[in-house]
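Each residue of the first sequence is one higher than the last, beginning at 41 in our numbering. Please read the structure below before turning to the comments.
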Amino acid sequence: MTLAGNENFFERVYEVARKIPYGRVTSYGAIARVLGSPQSARMVGWAMNASKNIEDVPAHRVVNRNGLLTGKSHFGGTNAMQQLLEEEGVKVVEGQIQNFQDIFWDPSDEL
DNA sequence: CCCGTGACGGGGG
DNA sequence: CCCCCCGCCACGG
Numbered sequence: 041m042t043l044a045g046n047e048n049f050f051e052r053v054y055e056v057a058r059k060i061p062y063g064r065v066t067s068y069g070a071i072a073r074v075l076g077s078p079q080s081a082r083m084v085g086w087a088m089n090a091s092k093n094i095e096d097v098p099a100h101r102v103v104n105r106n107g108l109l110t111g112k113s114h115f116g117g118t119n120a121m122q123q124l125l126e127e128e129g130v131k132v133v134e135g136q137i138q139n140f141q142d143i144f145w146d147p148s149d150e151l
């Protein structure tokens, strides 16, 4: 009924994103999946896009399923996204997160 | 109103 | 580490 889903979709995305632990990362698809819309990974990306206005949304901790910083171009500077990650101890080489499997955080693990 | 275009992901050739 | 198609849906032209 009421909750069609998209009404709060962005809010839900932000809630999950805020739970990503310091120094860990997750993927657009993983967030979409835990929200029950595995096919809406693109919308998660759009939500990150809109999160520039909202505070406390660590958009830099969200990458694609391969650990690539596909959204780095939306962070203004040349490598602001990478900088933010490396400040947390996340190694990035050529836009690729190193040791991705180990620092990957799956939102569904919170359940 | 139709259409191209994505911070995506899965599947197929 | 090629190629293409599909589903998803918000936004701008």
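For glycine and all other residues, C-beta sits at the position ideal for the given N, C-alpha and C.
Using alpha carbons as the reference points, say which of the options lies closest to residue i.
i    : options             : result
E150 : E55, F50, E127, F49 : E55
D146 : E127, V132, I60     : I60
F144 : L75, L108, N119     : L108
G135 : G117, G111, D142    : G111
L124 : N139, V97, D142     : V97
If you run the structure through DSSP and keep just helix, strand and coil, what is residue i?
i    : result
I71  : helix
Q138 : coil
L151 : coil
V132 : strand
V53  : helix
L124 : helix
T110 : coil
What span of residues does the alpha helix (DSSP H) with residue i cover, start to end?
i    : result
D146 : That residue, D146, is in no alpha helix (DSSP H); it is neither H nor E in DSSP.
V84  : 81–90
Under the rule that 16 or more other beta-carbon atoms within 10 Å means buried, what is residue i, buried or exposed?
i    : result
R82  : exposed
T66  : buried
R101 : buried
Y62  : exposed
S80  : buried
R52  : buried
G117 : exposed
Q122 : buried
Contact between the stretch 124–142 and the stretch 86–97 (3+ Cβ pairs under 8 Å): no
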